[in-house]
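These protein sequences, in sequence, are chains A and B. In terms of numbering that gives the first Met the number 0, the first sequence is residues 0 to 192. In terms of numbering that gives the first Met the number 0, the second sequence is residues 0 to 192.
Protein chains: 2
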Amino acid sequence: MFNSKGVSNVSIRMISRELGISHSNLIYHFKDKNTLIEALHQQILEAALSLNESINKEENTLKVLFTNIDKGFEIIYDYRFFMIDLNLIMRENARLYSKFLEIEELRFIMYKKKIDELIAEKILKPETHNNEYDKVIKQIRVISDYWLSSAQIYDANENPEQIIKSYSSLLKHLFFPYLTKTGHQLFCELTTR
Amino acid sequence: MFNSKGVSNVSIRMISRELGISHSNLIYHFKDKNTLIEALHQQILEAALSLNESINKEENTLKVLFTNIDKGFEIIYDYRFFMIDLNLIMRENARLYSKFLEIEELRFIMYKKKIDELIAEKILKPETHNNEYDKVIKQIRVISDYWLSSAQIYDANENPEQIIKSYSSLLKHLFFPYLTKTGHQLFCELTTR
DNA sequence: ATTAATTTAGTACATTTGGTCTAAAATACA
DNA sequence: TGTATTTTAGACCAAATGTACTAAATTAAT
């Protein structure tokens, strides 16, 4: 219901009606919409965690990064309301907000580390300007946070698989112009298959 | 009120209270929140139009493009609710939705033309892959549509000028790795000043 | 100055919502 | 089996919202 109607258009009472239970019952388990959303967020985190464990870290750095992106996109798609109504949710749930910021910080550090690795492996070009890649990471952040919003507006008629594929491709292509020759070749191998 | 509280948290009655008029009076002029938002959108369009007229087209292509971005960001900042609640608004206003899609199409064409010009002027590198720049334009679209949402979450404590500057810089840097040597030099001249 | 049109305010109503309280039903447990 | 705990439902309430209708006030026009 959150995914299709948007968080602001779904009330506790509507959810309980859909579930066929009384609204008091739903409130008994989740005292309001915010705690319900927190529980759903916990589900997202757990899915992301088990994803992280399942990834084979023996593969090359770029491949690990890209499968991480692909799988991450798949997971969040099922909870797309969370990203589409992100600002609404963050505005009205301080606890979730600070938790989200913490996770974002980790994500930033992870990308920074990965990029350093990729530079060391001569897959990415070294920085020519100061903090050049920091900008790239911020670009990544905006697209990671809002690709689902963008898809809702511009790709309403596409199917989920296509949407996920096209936007994860969009994200990966942020690296594209920074690739070395060998990086370029690897990129092509990873993305055409 | 839309900017600070979010569209969904502001009612016709709250607006009329703030204005010191009766809610029936407000409804007399704008029959509901949607038509009110449409009117505000019209204001945005008019501001954008007069911006377009004011820009000196004698300057070089990149400079025209970049001042366009800067000024555009400044304009939309005043109506940031529109971008932050974009999906909510589009979901609930079919007319505005189709109008928005039309404008987006124009924006896409404009960028395509500009990029072709910049390639011809040897400021941007020619495409090495098929539709490579189409991806860039889509990246531009996501950031253009959602930089204000991102800023609301990650830069809540920054002042407007800094926010506008940092995110317009983020957008411009999408072009950065595609610049030729001369393009690079021009870019630096335009962005450091 | 009188009339017509526009603008404004007030009231009333049905609906929805979040919340609280109480009691019944179901379940677990000893 | 009897008791305690957990779960569920129902009723109730105050607040807010959109909407519709009526009448007064203001403005414009002849």
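Each residue gets a CB set at the ideal place from its N, CA and C atoms; glycine is no exception. Predicted model, so just to flag it, every value in this text is computed and none were measured.
Determine the closest residue to residue i out of the options, with distance taken between C-alpha atoms.
i	options	result
N86(A)	G182(A), C187(A), L169(A), S7(A)	S7(A)
D115(A)	L95(A), R90(A), I136(A), H40(A)	I136(A)
K4(B)	D84(B), G182(B), E91(B)	D84(B)
F99(A)	I36(A), I68(A), I11(A), Q184(A)	I36(A)
P176(B)	T181(A), M82(A), S143(A), T127(A)	T127(A)
F81(B)	K70(B), N67(B), Y96(B)	Y96(B)
N59(B)	V141(B), S10(B), I118(B)	I118(B)
A47(A)	E57(A), I68(A), I152(A), D31(A)	I68(A)
Y166(A)	T181(A), V141(A), K180(A), S21(A)	V141(A)
L64(A)	R106(A), I102(A), D133(A), L18(A)	R106(A)
H40(B)	E17(B), I54(B), D77(B), S21(B)	D77(B)
K124(B)	Q138(B), V9(B), L178(B), L18(B)	L178(B)
E73(A)	L173(A), W146(A), H172(A)	W146(A)
E131(A)	L173(B), I75(B), S23(B)	L173(B)
T181(A)	D133(A), I108(A), E120(A)	E120(A)
S168(B)	K32(A), Q138(A), S15(A)	Q138(A)
K134(B)	K171(A), N92(A), F1(A)	K171(A)
Classify residue i as helix, strand or coil using the three-state DSSP reduction.
i	result
L178(B)	strand
L123(B)	strand
K137(A)	helix
Y166(A)	helix
N129(B)	coil
N67(A)	helix
S143(A)	helix
H172(A)	coil
I150(A)	Reading the sequence as shown, one finds Ala at residue 150(A) and not Ile. Reduced to three states, the DSSP call for A150(A) is helix.
F99(B)	helix
N92(A)	coil
Given this structure, state the Cα-to-Cα distance separating residue i from residue j, to the nearest angstrom.
i	j	result
E45(A)	N51(A)	10 angstroms
Q42(A)	E188(B)	48 angstroms
D144(A)	T34(A)	21 angstroms
T191(A)	Q184(A)	11 angstroms
I26(A)	K70(B)	48 angstroms
R90(A)	A155(B)	11 angstroms
F29(A)	A38(A)	9 angstroms
T66(A)	I102(B)	35 angstroms
I163(A)	R79(A)	11 angstroms
I193(A)	S49(B)	Residue 193(A) lies beyond the stretch modelled for chain A, which goes from 0 to 192, so this question has no answer here.
V9(A)	Q161(B)	36 angstroms
If we count the other Cβ atoms within 10 Å of its Cβ and call it buried at 16 or more, is residue i buried or exposed?
i	result
A150(B)	buried
M13(A)	exposed
L61(A)	buried
Y110(A)	buried
K56(A)	exposed
K112(B)	exposed
L18(A)	exposed
N158(A)	exposed
Mind pulling the chain B residues with CB within less than 8 angstroms of residue i?
i	result
Q42(A)	None at all; the shortest Cβ gap to chain B is about 21 angstroms.
S7(A)	S7, L87
Residue i versus chain A: which residues are under 9 angstroms apart at the beta carbon?
i	result
R140(B)	S149, Y153
What in chain A is Cβ-close to residue i, meaning under 8 angstroms?
i	result
I83(B)	N86
D144(B)	Y145, S148, S149, I152
Taking Cβ-Cβ distances shorter than 9 angstroms, what residues in chain B pair up with residue i?
i	result
L169(A)	K134, K137, Q138, V141
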